[in-house]
DNA sequence: CGCTTTCTTACGGGAAACCGTAAAGCCGCT
DNA sequence: AGCGGCTTTACGGTTTCCCGTAAGAAAGCG
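Take a look at the structure:
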């Protein structure tokens, strides 16, 4: 069962709504904070003094409002929280819609659920809570197919290095120099050309511009 | 005084929070909808049957969920509402942060207030309601800073057409044909080259790839 | 070690993009 | 109509990119 919940969300209205949904679900203790640093502090105290939290609901992106923070967003908060309390359940509640980013949350950060801020997000929150109560992960509907199917082409770290250089405005002919600087291999211009050519062919793209646009859209770079 | 309010906001949680803030302010009648079309319908009925609404609180961007809608967002809803009821007060509540867009809301659409979804948005909502009750417009506090600090380069519709074609994989040399098809002028290859060159220079970009990446990142295309 | 396989690099010809210059078209004005 | 200013287009030379071929390097294996 989930009895003690911490909400980390900088938007006051979003925070408020999550609180309300939790109330309606009859959660005993509902704490909320507006900064990641405060969230970590709360988790630390709860671990020390007991009882610790059952669930952390957090946003991904926190806006900088001038007050310097150690943790600048959910992607920093999540691993930090897991260090303090490995068994803490984590539900991400964010407007993020890039499949690659959401997929990474489950794969790399091993979060327990994701609810996207969208039309029926309150209902989705309740559904997610039900899953989490049963110790099940909650995947957003539109992601379930993606996660199961293998048709997600994998970009290697080499690919991503190339794409980032291109998106940073580095000319193809100059890329080998950059790769050598970072000890990335292969680094020959021919290899760069070949790999890019393959990436385009892989997705039936005609130009590098299209490739960059695609990768930006999916949050790969 | 503001006694009758309509909330148009597709995100369930945001809608909920606005309702709650309105309740706390003691508003008599609080109606809420999740689609622009429904909002317009409500306004029309209220105008016919009286009393009409004192205030419309609306988001800018509504997500398409498959149900076909006449009005696809706040920018369509606002003028349509004003046609039905010219004296209707309008408060925009959105995450939009581009100064040019917000400025346009006041200048072109003559909205009565703007509250950005951000850290203290509930508090800002209350402040805005106070201003509106006194028949004053409500400008976001941070709008001045943003307007001063950020250089607001605007992409023309021609620019966006170009960028979209590029991001779709159309080669530069083929772009004139596409432009002529859509009766977009100018359409010469030279004009295309010149404009792209200017766009790159404007942002100190070296390549088209970087330009596309930038625009994707900002959601311009 | 020699051999094959795979990965990486070098090279060259042709296509596309880039960029400056100049010509042609358009519009408002007298 | 004639003129000036501005926009758009046309045309080259240069650079960069694209892509096929082949040479070279590294890794696996009997």
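Protein chains in written order, with the working numbering: chain A, 1 to 221; chain B, 1001 to 1221.
No residue lacks a Cβ here, since even glycine has one placed at the ideal position from N, Cα and C.
Query - Contact the stretch 206 to 221 of chain A vs the stretch 1008 to 1017 of chain B: 3+ CB pairs below 8 Å - result: Taking a cut-off of 8 Å on C-beta distances, the stretch 206 to 221 of chain A does not touch the stretch 1008 to 1017 of chain B, as fewer than three cross pairs fall below it.
Query raised in the report: Using CA coordinates, which residue listed in A:112, A:119 and A:24 is at the minimum distance from residue 1066 of chain B?
Result: Closest in alpha carbon position to residue 1066 of chain B, among A:112, A:119 and A:24, is A:119.
Query raised in the report: residue 93 of chain A by DSSP, collapsed to three states: which one?
Result: Residue 93 of chain A: strand per DSSP, three-state reduction.
Query - Neighbouring residues, chain A, relative to residue 1034 of chain B (Cβ below 7 Å) - result: Around residue 1034 of chain B, the beta-carbon contacts reaching into chain A at under 7 Å are 119.
**Report entry** Reduced DSSP category for residue 1107 of chain B - H, G, I as helix; E, B as strand; rest coil
**Finding:** Correct three-state label for residue 1107 of chain B: helix.
**Report entry** Cα-Cα separation between residue 1032 of chain B and residue 1011 of chain B, rounded to whole angstroms
**Finding:** The alpha-carbon atoms of residue 1032 of chain B and residue 1011 of chain B are separated by roughly 11 Å.
Report task. Identify which residue in A:57, A:176 and A:42 has its Cα closest to the Cα of residue 19 of chain A. Result -> Its Cα nearest to that of residue 19 of chain A, the residue A:57 stands out among A:57, A:176 and A:42.
Query raised in the report: Since residue 1209 of chain B and residue 184 of chain A are thought to touch, with beta carbons under 8 Å apart, how far apart are those beta carbons, to the nearest angstrom?
Result: Between residue 184 of chain A and residue 1209 of chain B the Cβ distance is about 18 Å, and since that is not below 8 Å, they are no contact.
Query raised in the report: Do three or more CB pairs link the stretch 185 to 199 of chain A to the stretch 1071 to 1087 of chain B at distances below 8 Å?
Result: Touching, no.
**Report entry** Stretch-stretch touch, CB-based, cutoff 8 Å, three pairs: the stretch 134 to 146 of chain A with the stretch 105 to 115 of chain A
**Finding:** Cβ pair count under 8 Å is three or more, so yes.
Report task. Specify the secondary structure class of residue 182 of chain A as computed by DSSP and reduced to three states. Result -> In the structure shown, residue 182 of chain A sits in coil (DSSP, three-state: anything other than H, G, I, E or B).
Query raised in the report: Are the Cβ atoms of residue 102 of chain A and residue 55 of chain A separated by less than 8 Å?
Result: It is not a contact, given that the beta carbons lie outside the stated cut-off.
Query raised in the report: Given residue 98 of chain A, which residues of its chain have a CB within under 7 Å of its CB, disregarding the five upstream and five downstream residues?
Result: Closer than 7 Å at the Cβ level, and outside the excluded window around residue 98 of chain A, lie 218 and 219.
Query raised in the report: Taking 8 Å as the CB-CB cut-off, is residue 14 of chain A touching chain B?
Result: Output row for residue 14 of chain A: interface = yes.
Query - chain A within 8 Å of residue 1168 of chain B, Cβ atoms only - result: Judged by the 8 Å Cβ criterion, residue 1168 of chain B is in contact with chain A.
Query raised in the report: Is the beta carbon of residue 74 of chain A less than 8 Å from the beta carbon of residue 92 of chain A?
Result: Contact: yes.
Report task. Could you have a look at residue 1212 of chain B and say whether DSSP puts it in helix, strand or coil? Result -> Looking at residue 1212 of chain B - three-state DSSP - the assignment turns out to be helix.
Query raised in the report: For residue 47 of chain A, which residues of its own chain have a beta-carbon under 6 Å away from its beta-carbon, when the five flanking residues on both sides are left out?
Result: Same-chain partners within the cutoff: 84 and 85.
Query - Top-ranked residue by Cα proximity to residue 144 of chain A, from A:45, A:63 and A:100 - result: For residue 144 of chain A, the closest alpha carbon among the candidates A:45, A:63 and A:100 is that of A:100.
Query raised in the report: Taking C-beta to C-beta, are residue 193 of chain A and residue 172 of chain A nearer than 8 Å?
Result: Residue 193 of chain A places its beta carbon less than 8 Å from that of residue 172 of chain A.
Query raised in the report: With 8 Å set as the bound, which would you pick, yes or no: does the beta-carbon of residue 1156 of chain B sit closer than that to a beta-carbon of chain A?
Result: For residue 1156 of chain B, the answer is no, since every Cβ of chain A falls outside 8 Å of its Cβ.
Requested in this report: Starting from residue 55 of chain A, follow its DSSP beta bridges and name the residues at the other end.
Outcome: DSSP links residue 55 of chain A through a beta bridge to A:5 and A:89.
Report task. Return yes when at least one heavy atom of the ligand SAH lies under 7 Å from the C-beta of residue 64 of chain A, else no. Result -> The ligand SAH is absent from the structure shown, which contains no ligand whatsoever.
Query - Contact list for residue 123 of chain A against chain B, beta-carbon separation under 9 Å - result: Simply 1012.
Report task. Using a Cβ-Cβ cut-off of 8 Å, state whether residue 1126 of chain B counts as contacting chain A. Result -> Interface with chain A (8 Å Cβ-Cβ cutoff): residue 1126 of chain B is excluded.
Query raised in the report: Going straight from the alpha carbon of residue 154 of chain A to that of residue 165 of chain A, what length do you get?
Result: Their Cα atoms are separated by approximately 18 Å.
Query raised in the report: DSSP puts residue 1035 of chain B in a beta bridge; with which residues?
Result: For residue 1035 of chain B, which the question treats as bridged, DSSP gives no partner whatsoever.
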